[in-house]
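Which chain is which? The protein sequence lines are Z and X, in order. One point on numbering: in the numbering used here, the residue at position 319 of the first sequence is 1137, and numbering is uninterrupted. One point on numbering: in the numbering used here, the residue at position 12 of the second sequence is 33, and numbering is uninterrupted.
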Amino acid sequence: MKILTKWLRAYLPGLAVDDIQLAADLTLRGIAVEGNYPLGERNGSIGDGSIYEMDITTNRVDAMNHYGVAREAAAIYGLALPALDFALPPARPAAKPFSVRIEAEDACGRFTARVLRDVTIGESKDWFKGAEVATYFGLLEQKTISNAVDATNFAWRAMGQPTHAFDLDKIEGGIVVRRARKGERLKTLDGMDRVLDAGDLVVADHKKALALAGVMGGWDTMITPETKNVLVEAAWFDPMAVRQTARRHGLHTDASHRFERGADFNAAPVASALVSAILLANGGWAEGELVDVRVAAIEDRTARRKPIALALNQVQRILGATKAEEGDEEGITSETVEGVLKALGCGLAELAPPAVGRTFGQDSWQVTLPSWRLDLEREIDLIEEVARVYGYNRFANTLPAFGGGVQALPWAEKEAAVRGTLLAAGFHEAIGSTFCSAAEAALTAPQPGQVVALGNPLSEEAGVLRPSLVPGMLTMIAGNLNRDVSDVRLFEMGTAFGGTTDKVEERPALAFGAVGSMPEESALDAGRTIEFHDVKGVVEQVLARFEARALDFDRFPAEAGLTPEWLHPYRAARAVADGMTVGWFGQLHPREAAARKIKEAVLVGELYLDRLYKLSLRKPAAREISRYQPVRRDFSLVLDEGISWETIDRAMAEIGIPELVEWRVREVFRDTRLGKGEYALLLGATFQAPDRTLREEELQSFQARVVEAVGKAGARLRA
Amino acid sequence: MANEAIPNLTAFDEAALGKAFAALEAQAREAAAVLDGEAAVEAFRLEWLGRKQGRLNEVSGRWLKAAPPEAKKALGVRFNALKAVVEDLLDAALGGGPGDATADAALRAEAIDITLPGTRRLTGAEHPIPRTMNEIVAVFAALGYSVGVGPEVETDYYNFESMNFPPEHPARDTQDTLVVANQERKPLRDRLLLRTHTSPVQMRTMEQQPPPVRIVIPGKVHRNDAADATHSPIFHQVEGLCVDTNITFSDLKGTLDYAMKALFGSSVKTRFFPSFFPFTEPSADVQISCIFCGGKGCRKCKDSGWIELLGCGMVDPAVFAFAAEKQPAYDSRKISGFAFGMGVERIAMMKYGISEIGSFFAGDMRFLGQFA
Chain Z
819 MKILTKWLRA
829 YLPGLAVDDI
839 QLAADLTLRG
849 IAVEGNYPLG
859 ERNGSIGDGS
869 IYEMDITTNR
879 VDAMNHYGVA
889 REAAAIYGLA
899 LPALDFALPP
909 ARPAAKPFSV
919 RIEAEDACGR
929 FTARVLRDVT
939 IGESKDWFKG
949 AEVATYFGLL
959 EQKTISNAVD
969 ATNFAWRAMG
979 QPTHAFDLDK
989 IEGGIVVRRA
999 RKGERLKTLD
1009 GMDRVLDAGD
1019 LVVADHKKAL
1029 ALAGVMGGWD
1039 TMITPETKNV
1049 LVEAAWFDPM
1059 AVRQTARRHG
1069 LHTDASHRFE
1079 RGADFNAAPV
1089 ASALVSAILL
1099 ANGGWAEGEL
1109 VDVRVAAIED
1119 RTARRKPIAL
1129 ALNQVQRILG
1139 ATKAEEGDEE
1149 GITSETVEGV
1159 LKALGCGLAE
1169 LAPPAVGRTF
1179 GQDSWQVTLP
1189 SWRLDLEREI
1199 DLIEEVARVY
1209 GYNRFANTLP
1219 AFGGGVQALP
1229 WAEKEAAVRG
1239 TLLAAGFHEA
1249 IGSTFCSAAE
1259 AALTAPQPGQ
1269 VVALGNPLSE
1279 EAGVLRPSLV
1289 PGMLTMIAGN
1299 LNRDVSDVRL
1309 FEMGTAFGGT
1319 TDKVEERPAL
1329 AFGAVGSMPE
1339 ESALDAGRTI
1349 EFHDVKGVVE
1359 QVLARFEARA
1369 LDFDRFPAEA
1379 GLTPEWLHPY
1389 RAARAVADGM
1399 TVGWFGQLHP
1409 REAAARKIKE
1419 AVLVGELYLD
1429 RLYKLSLRKP
1439 AAREISRYQP
1449 VRRDFSLVLD
1459 EGISWETIDR
1469 AMAEIGIPEL
1479 VEWRVREVFR
1489 DTRLGKGEYA
1499 LLLGATFQAP
1509 DRTLREEELQ
1519 SFQARVVEAV
1529 GKAGARLRA
Chain X
22 MANEAIPNLT
32 AFDEAALGKA
42 FAALEAQARE
52 AAAVLDGEAA
62 VEAFRLEWLG
72 RKQGRLNEVS
82 GRWLKAAPPE
92 AKKALGVRFN
102 ALKAVVEDLL
112 DAALGGGPGD
122 ATADAALRAE
132 AIDITLPGTR
142 RLTGAEHPIP
152 RTMNEIVAVF
162 AALGYSVGVG
172 PEVETDYYNF
182 ESMNFPPEHP
192 ARDTQDTLVV
202 ANQERKPLRD
212 RLLLRTHTSP
222 VQMRTMEQQP
232 PPVRIVIPGK
242 VHRNDAADAT
252 HSPIFHQVEG
262 LCVDTNITFS
272 DLKGTLDYAM
282 KALFGSSVKT
292 RFFPSFFPFT
302 EPSADVQISC
312 IFCGGKGCRK
322 CKDSGWIELL
332 GCGMVDPAVF
342 AFAAEKQPAY
352 DSRKISGFAF
362 GMGVERIAMM
372 KYGISEIGSF
382 FAGDMRFLGQ
392 FA
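What follows is the structure, given as structure tokens:
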């Protein structure tokens, strides 16, 4: 909305500050001036002031016009604001008053009609003081159309009251404000032929609908250069009725904007006078007095609302301390409250002081509310007005006392442990989309069918809530590869969704992905492609942060149908902690890689953090480190391809030699000297006693037991 | 290479000791100068430093024992000096000493190009959004705020109704809010949607605990916004709520002024403007003095010297009335409170100079790597 300061100042001649200061002061009081464009820079005439581009919050429709902003300025500077009053030439008596009937008493609170005869439709001029239509519209760069159209626009910009001018000779009988008849037709000013709904509120004559009430006038009764006689409408329509009518017809007009947010019940006669005065300035005469039909019930809840109680101690309780340097030691006083509210148009009747005698902070009032401020309904609304006009920045900065403790989320430490481990492992943290396609969801949902669709998705690719973070991870990996970033290490921690559209379940989840070479950057080492065991190591590191008695990785035959479909069935594993599945990871299924045009081997996985968080974090505990020499013995084993490391590992774990402190696979190799279907494995075992140096005889016996145990597991020593 | 046997000392005065040790040092240097080959070096070591027959051992055995108590200290000092000389001679002979051409050549052959770049392992980078959220949360934790969270899929009741949004508020339109499918048959208040702000957690927290409350709520929110440079359907907020007896508007001002100084530096100033939110009254927008130009005016602050950063206000009595349905202690005549909320993306974009909000959600390694 644009405000011309020249126009504004016409309402408030005592305004002493310049346009820059005025803009700053208004803005600090919530009547925000977003842009201030001095007209002198455009047309060289400093006296024309500035144009303000306003940004006014939706609750303050009353300030979205020149007089409304002038009212705010008057309150800020303590100036008196002259009332709007437009004198009309004396009317000639009418044979009988123009007939107006409000049938829809729930939706139209007031309808005023004035009959003007022998008017001349023509160009707009500066008609009289307070109606400088040509000048103001020129400065605002608003095109003038005709004195009739411009008069209603002028009233709109002046005081925010929508009005409408009908060609009186096209009206049959009188006016009826009513709901439309189902199937009734109306051609509106935009040239559209509309079929009306039974809920639409219309201004009609005795035969037909003339206009969509509070939204748009009708084509057939529009003012034309030939119009001689005019009916000026200024009314009050119910916000909900106008909103519903406007929405049904896909219309949003200045008029509907105002009525939807609540117009000023008392503004109609003033606006009608302004429009009529402008029209009559070009000739013609008014017939009869203003016809003013009101609905008492609506007047009671707009212009004649019950006063509300306001107590000074409530104002002080909510607002607190003011800055000492502002010079008023007492902060917000009765004088402050009365000054602000009266300037805004409220009436204040002081309540009897309490019987015990009047002490500071016990003043209270009954406050009557101005008809243009439908947003004021409660005591807190008045307290806000006091703070706003007094100036937010004149309040002190204080800190409230606090005696409690601070609690972190129960899983905060676990989340930090997981995040810290992945960051340390060289994975960047990412945030992917919350949504994915139905196909991606079907592919990755941990519980088949538990996929929740959106009612109004942004696109088909984002049609459902992600059941897993894997789809987003794959999108991000593919994005990197497309941009020729070949080394990718990403993880995301976020919410995954399950359940149904009746009851959506949320759980914390994690996905990670890796592609490229290891190490990532080396001048000397060609590196190698990252593979399954690299990410298995990362999963192990994460799981090692938690206290679990048993940690297993297993895999399932492809036909078991247990391995998620997005994983390569023979290069994937399930992570199990204390019997609970906590995640899946491995190589992306080549079919899925191909579908995303990925040629590289992508390693990807997810962890079910909700399950992982059921475990405690591992508490580090120090163990005595033996001072005696550890002894390492290597065993070169030959195994059948069907025997996995896990078998050997288990056999070692079950030997039961306390001095066997550690064992690991040192190397795995396959060569032609081995039998068909066999592979070789170098097992390294470390023996150490806490209290002595091991003797050779003991070591010999340990070795023999290792050979026996792995032999039972199916391994033989390589010759 | 036969050295003389160690003579017995008869006098232990300074001059006698000096002479005796000088003689031994000269013998050691003489012997070391002609060493050739590993065997010779080993023989030298055994002769001088051997534990049983070594000459130094003999010196200590004969001289130190025989010395009168008053001379023992001076003798000890000279003995240690001689031992150091012999050890240095041995080290030099073993190839570590300066000026040994053969030893240096061996090391030179092992030279590497230390100017080649170091082999690096990737350092994982924390995402700038959680990083910024954690910074904000830490500031409020120091002020006594616990962390609260809530679901990303909310009911209309928590997201709108209990936050005092009127039934016809534009935010409730599906053009602004992403909704879960198949909700039409449910009563309005039970309909599921993606929360459009973190404010519902205010109500969830108040329903679960009576005042006093101090919580800070970091979280992900969604709106039905087409993506452009500054809009994204996904973004993050940090919300705060403080409720107690006698919480005032000036407390709100002081708290946010403190927090902004803690986040952006002690020279930052704040100013408050009236604003409008359904769930607070009075409501305010908060600006901070431009962190780029210090308030002089620059391109970043559009020459205003100020940057708009957050919304806040005193909790509306209507919101307390909803909370009081489950916790009667939220009686707006007895308690008061304030709430505030800020967009994390906006703060992170400002702090790190990011121009496209979409960068946060693309997972581009090159973008994320900058935050390591």
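Every residue, glycine too, gets a C-beta built ideally from N, C-alpha and C.
Only residues of its own chain outside the window of five on either side were considered, and among them Trp-1183 have a CB closer than 6 Å to the CB of Glu-1168/Z, listed in chain order. In the pairwise beta carbon analysis, the segment 1386-1406 of chain Z is classified as not touching the segment 1297-1308 of chain Z: fewer than three pairs are separated by under 8 Å. With a threshold of 7 Å between beta carbons, Ile-1136/Z makes contact with chain X. Taking all protein chains in view, the Cβ of Gly-261/X is crowded by 16 or more other Cβ atoms within 10 Å, so the residue is classified as buried. Annotation note: the segment 1469-1533 of chain Z contains the following uninterrupted alpha helix (DSSP H) runs of length 4 or greater, listed N- to C-terminal: 1514-1530. Check the Cα spacing between Ala-52/X and each of Val-106/X, Pro-188/X, Val-242/X, Phe-161/X: the tightest is with Val-106/X. In the structure shown, Leu-115/X adopts coil according to DSSP, grouped into three states. Between the segment 1321-1331 of chain Z and the segment 1287-1297 of chain Z there are three or more C-beta pairs closer than 8 Å, enough to call the two in contact. For Arg-1429/Z, the enclosing alpha helix (DSSP H) stretches over residues 1427-1430. In chain order, Leu-143, Gly-145 make up the part of chain X whose C-beta sits under 8 Å from the C-beta of Phe-1245/Z. Close to chain Z, meaning a Cβ-Cβ distance shorter than 9 Å, are the following residues of the segment 164-181 of chain X: Leu-164, Gly-165, Tyr-166, Ser-167, Val-168, Gly-169, Val-170, Pro-172, Glu-173, Val-174.
According to the DSSP assignment, Tyr-885/Z belongs to the alpha helix (DSSP H) that extends over 884-895. Across the segment 1211-1233 of chain Z, CB contacts with chain X closer than 9 Å involve Asn-1211, Phe-1213, Ala-1214, Asn-1215, Thr-1216, Leu-1217, Pro-1218, Ala-1219, Phe-1220, Gly-1221, Gly-1222, Gly-1223, Val-1224, Gln-1225, Ala-1226, Leu-1227, Ala-1230, in sequence order along the chain.
Residue contact with chain Z for Phe-382/X: present (Cβ-Cβ distance below 7 Å to some residue of chain Z).
Residues of chain X whose Cβ lies closer than 9 Å to the Cβ of Val-1270/Z are, in chain order, Val-174, Val-201, Ala-202, Leu-213. When beta bridges are read from the DSSP output, Trp-327/X appears opposite Ser-310/X. At a cut-off of 7 Å between beta-carbon atoms, Leu-1406/Z makes no contact with chain X.
Within the same chain, Asp-1011, Trp-1037 come within 6 Å of Lys-1005/Z by CB-CB distance, once the 5 residues on both sides are set aside. Within the segment 1191-1206 of chain Z, the residues whose Cβ lies closer than 8 Å to some Cβ of chain X are Arg-1196, Ile-1198, Asp-1199, Ile-1201, Glu-1202, Ala-1205, Arg-1206, listed in chain order. The beta carbon of Ser-167/X is closer than 7 Å to those of Arg-235, Ile-236 in its chain, skipping five residues each way along the sequence. Among the bridge pairs identified by DSSP, Phe-984/Z is matched with Leu-1049/Z.
In the three-state reduction of the DSSP assignment, Tyr-870/Z falls in the strand class. Look at Asp-278/X: its C-beta is under 7 Å from a C-beta on chain Z. Within the segment 284-311 of chain X, the residues whose Cβ lies closer than 7 Å to any Cβ of chain Z are, in chain order, Arg-292, Phe-293, Phe-294, Pro-295, Ser-296, Phe-297, Glu-302, Pro-303, Ala-305. Exposed is the label assigned to His-252/X, since fewer than 16 other Cβ atoms lie within 10 Å of its Cβ. The Cβ neighbour count for Phe-1487/Z, taken over all protein chains shown within 10 Å, is under 16; the residue is labelled exposed.
Annotation for Ala-1327/Z: no alpha helix (DSSP H) segment contains it, though the beta strand (DSSP E) segment containing it runs 1322-1333. Where Val-967/Z is concerned, the enclosing alpha helix (DSSP H) starts and stops at 965-977. Of all residues in the segment 333-345 of chain X, only Met-335, Asp-337, Pro-338 come within less than 8 Å of chain Z when Cβ atoms are compared, listed by chain position.
The alpha-carbon of Pro-254/X is positioned some 13 Å away from that of Cys-1254/Z. The beta carbon of His-148/X falls within 7 Å of a beta carbon belonging to chain Z, placing the residue at that interface. For the segment 1295-1306 of chain Z, the set of positions with a beta-carbon nearer than 9 Å to some beta-carbon of chain X reads Ile-1295, Gly-1297, Asn-1298, Arg-1301, Val-1303, Asp-1305, Val-1306 in chain order. For the segment 264-277 of chain X, the beta-carbon criterion of a distance under 9 Å to any beta-carbon of chain Z is satisfied by Asp-265, Asn-267, Ile-268, Thr-269, Phe-270, Ser-271, Asp-272, Leu-273, Lys-274, Gly-275, Thr-276, Leu-277. Here Asp-1428/Z is not near Val-1394/Z, since their CB atoms are 7 Å or more apart.
Relative to the Cα of Phe-300/X, the nearest Cα in the group Arg-83/X, Pro-232/X, Phe-343/X, Leu-330/X belongs to Phe-343/X. In the three-state DSSP reduction, Ala-247/X falls in the coil class, being neither helix nor strand.
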